[in-house]
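Numbers 1 to 300, taken from UniProt numbering, label the letters of the sequence shown in order. This report concerns only the one structure given below.
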Amino acid sequence: KVQKSLADIEKLHSTGLGEYLHIPTVVGQTHQNKVLKSQLFVDKFSENIQHTFLDYLTGGYELNFMVAIDFTASNGNPRLPDSLHYIDPSGRPNAYQRAILEVGEVLQFYDSDKHFPAWGFGARPIDGPVSHCFNLNGSSNNFEVEGIPGIMMAYASALFNVSLAGPTLFGPVISTAALIASQSVANDQRKYFVLLIITDGVITDLQETKDALVKASDLPLSILIVGVGGADFKEMEILDADKGERLESSSGRVASRDIVQFVPFRDVQSGEISVVQSLLAELPSQFLAYMRTRNIKPST
Numbered sequence: 001k002v003q004k005s006l007a008d009i010e011k012l013h014s015t016g017l018g019e020y021l022h023i024p025t026v027v028g029q030t031h032q033n034k035v036l037k038s039q040l041f042v043d044k045f046s047e048n049i050q051h052t053f054l055d056y057l058t059g060g061y062e063l064n065f066m067v068a069i070d071f072t073a074s075n076g077n078p079r080l081p082d083s084l085h086y087i088d089p090s091g092r093p094n095a096y097q098r099a100i101l102e103v104g105e106v107l108q109f110y111d112s113d114k115h116f117p118a119w120g121f122g123a124r125p126i127d128g129p130v131s132h133c134f135n136l137n138g139s140s141n142n143f144e145v146e147g148i149p150g151i152m153m154a155y156a157s158a159l160f161n162v163s164l165a166g167p168t169l170f171g172p173v174i175s176t177a178a179l180i181a182s183q184s185v186a187n188d189q190r191k192y193f194v195l196l197i198i199t200d201g202v203i204t205d206l207q208e209t210k211d212a213l214v215k216a217s218d219l220p221l222s223i224l225i226v227g228v229g230g231a232d233f234k235e236m237e238i239l240d241a242d243k244g245e246r247l248e249s250s251s252g253r254v255a256s257r258d259i260v261q262f263v264p265f266r267d268v269q270s271g272e273i274s275v276v277q278s279l280l281a282e283l284p285s286q287f288l289a290y291m292r293t294r295n296i297k298p299s300t
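Written out as C-alpha cells, the structure reads:
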C-alpha cells in the first residue's frame, strides 16, 4: 500500500513522478516496510468542493412549500368528532392541521413571498365532478394562498364547500407540482419545491403515482407524505424507496434519485418522531443530490 495526503497526491500528479508501493511487515519486534517494484502514478487529479445544504440556502436558494390534502370520504364526516377532518371548537388542531403547521412553519422562512400553492384531492366541489386536484381556496384560476394562516383558512373553508368522495389518487397533484417546478427551471429561478401530501388511505393509482414520481425525480422537488389514521400504509413505504430500490416507471425508466419521505402520523402522536425531524432527515440529501448531479453551485 501507499499512504499519501491530498497534497502529496496533487504533487505526484503535477510532477508526473511515481511512488513505490510497500507492504507493512513485522520482523522480530520491529515493523518494516517491504518495498515493491510497483509504483503509483496519478494521471488525473481534481478537487471538488462539496457544498452543504446551508451553503445553498445562504447563497440565495429558496425552499417553496406546497400542500395537497386528502378529501376522500374515508376521512369521515367533517361535522362529526370522529372524523379525521373534524375542526375542534376548542382550537385543538387535527392531524391535517398539525402537519401543515409543523412543516409549513419551518419551510416558510426560506420562501421570500410566502405564497403557497395549496390543493385538495378526492372530493366533489359544488356543482362539479370529483376532482383529484382542485384549488384549496375555491378559486378557478389561482392556486396560491398567503402564508400558513391562508392554508389553514382555505382548508377549513373547503371542508364545508366540497363533498368528500374518492378514490385516492396522487398522480394528478404530483404532476401539477412537477409542472410548477419545471416552469421554475425554465425561468432559471433558484428554487427548490417541497410538496406536503397529507392522506388517510391507500392510494388506488400506485403505478400512475410511480410514473409521476420518476418523471419528477429530474426536477427540483421533494415530496413529504404524512399518513393519518389507522390505514395500512405499506404502499407508501414502496414510494419512499428507503430500502435502496429506486422507483421504476411503467416504461422501465428508473428514478434518478429518491424524492419521497413517508411519515405515519401515529408515530408522531406516540412521540417517537416529529414531522419536521422526518422531513429534515432526508430533505438535505435529496436537495444536494439534485444540485450535484446538475453541477449547480450556490451563489457566493
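Don't be surprised by glycine CBs; every beta carbon is placed ideally from N, CA and C.
Are there 16 or more other CB atoms within 10 angstroms of the CB of residue i, so buried, or fewer, so exposed?
i: leucine 279; result: buried
i: aspartate 211; result: buried
i: threonine 126; result: For the record, residue 126 in the displayed sequence is isoleucine; it is not threonine. Counting Cβ neighbours within 10 Å, isoleucine 126 comes out exposed, since fewer than 16 surround it.
i: asparagine 75; result: buried
i: proline 172; result: buried
i: glutamine 207; result: exposed
i: leucine 17; result: exposed
i: glutamate 102; result: buried
i: proline 89; result: exposed
i: glutamine 286; result: buried
i: proline 129; result: exposed
i: glycine 104; result: buried
i: proline 149; result: exposed
i: serine 217; result: buried
i: isoleucine 198; result: buried
i: phenylalanine 41; result: exposed
i: aspartate 70; result: buried
i: glutamine 183; result: exposed
i: isoleucine 296; result: exposed
i: serine 140; result: exposed
i: phenylalanine 45; result: exposed
i: asparagine 64; result: buried
i: glutamine 32; result: exposed
i: leucine 164; result: buried
i: leucine 179; result: exposed
i: residue 304; result: Past the boundaries of the shown model lies residue 304; the chain is included only from 1 to 300, so the question cannot be answered.
i: leucine 54; result: exposed
i: asparagine 23; result: Note that residue 23 corresponds to isoleucine in the displayed sequence, not to asparagine. Label assigned to isoleucine 23: exposed.
i: glutamine 97; result: buried
i: serine 5; result: exposed
i: valine 228; result: buried
i: proline 117; result: buried
i: isoleucine 49; result: exposed
Under the assumption that residue i contacts residue j (Cβ atoms under 8 Å), give the Cβ distance between them as a whole number of angstroms.
i: valine 194; j: methionine 66; result: 7 Å
i: valine 268; j: valine 275; result: 6 Å
i: leucine 219; j: valine 185; result: 7 Å
i: tyrosine 20; j: glutamine 3; result: That pair is no contact at about 12 Å.
i: alanine 281; j: arginine 257; result: Incorrect: roughly 16 Å between the Cβ atoms, too far for contact.
i: threonine 176; j: tryptophan 119; result: 7 Å
i: leucine 169; j: alanine 154; result: The pair is not a contact, with the Cβ atoms about 20 Å apart (cut-off 8 Å).
i: serine 249; j: valine 214; result: 4 Å
i: glycine 122; j: proline 78; result: Contact flag wrong, Cβ pair sits at about 13 Å.
i: glutamate 62; j: arginine 190; result: 7 Å
For the alpha helix (DSSP H) holding residue i, just list the boundary residues, first then last.
i: valine 276; result: 275-293
i: glutamine 207; result: 206-216
i: serine 14; result: 6-15
Tell me which residue opens and which closes the beta strand (DSSP E) that residue i is part of.
i: aspartate 240; result: It is not in any beta strand (DSSP E) - aspartate 240 instead sits in the alpha helix (DSSP H) that spans 234-240.
i: tyrosine 192; result: 191-199
i: glutamine 261; result: 260-264
Per DSSP, what kind of secondary structure is residue i in: helix, strand or coil?
i: phenylalanine 170; result: coil
i: isoleucine 180; result: helix
i: valine 226; result: strand
i: valine 254; result: strand
Note down, one range per segment and in chain order, each alpha helix (DSSP H) of at least 4 residues found wholly within the region 25-85. DSSP runs (the alpha helix (DSSP H)) wholly in the region 25-85: 53-58.
Which residue spans inside the region 98-173 form an unbroken alpha helix (DSSP H) run of at least 4? Here the runs fully enclosed are 147-158.
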